[in-house]
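Worksheet for the structure shown next.
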Amino acid sequence: MPEQAFPPGEGPAAKVSVSLRAGNIRAIKERVGARGFSAYVDAAVERQIERDLLEEALQANENEFGPIPQHLRDEAEQLFRSVKSAPELQEERGWHAHEAS
């Protein structure tokens with residue numbers, strides 16, 4: 042099946058070979074073990090694609106309408122900080138991004 046037939050995050054799993062730094066490999070295995078390695082890397086790649094698409098959308102918006110006003114940037118930063126410090130995120134490990142299941 043051609044890779045472009047599926048949007049990011051969809052489609053069957055396929056085996057690929059990638060090179061990762063030894064420290065990253067160790068950190069992933071410590072977090073999820075060897076059996077969760079592929080799912081963790083797949084989720085990380087999906088998040089990066091989402092971030093890239095968001096950055097592209099923000100850039101397109103700025104190109105069309107100009108820079109985002111500083112007061113809106115400040116509000117967004119304040120909102121992020123309040124979400125980040127929410128009690129339900131203050132577990133033993135502290136702030137962490139969505140983890141692969």
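Using my numbering, read the sequence shown as starting at 42 and increasing by one per residue. Yeah, the Cβ is synthetic: ideal placement off N, Cα and C, and Gly gets one too.
Residue span of the alpha helix (DSSP H) that contains residue i, given as start and end
i: A68; result: A63 to V73
i: E51; result: Element bounds for E51: n/a, residue is neither H nor E.
i: I90; result: F78 to F106
i: A117; result: Q111 to K125
Among the options, the one whose alpha carbon lies nearest that of residue i
i: G50; options: K70, V59 and R88; result: R88
i: S58; options: R67, R76 and V82; result: V82
i: P48; options: E71, Q119 and V86; result: V86
Short Cβ contact (8 Å threshold) for residue i with residue j
i: I109; j: E116; result: no
i: F78; j: I69; result: yes
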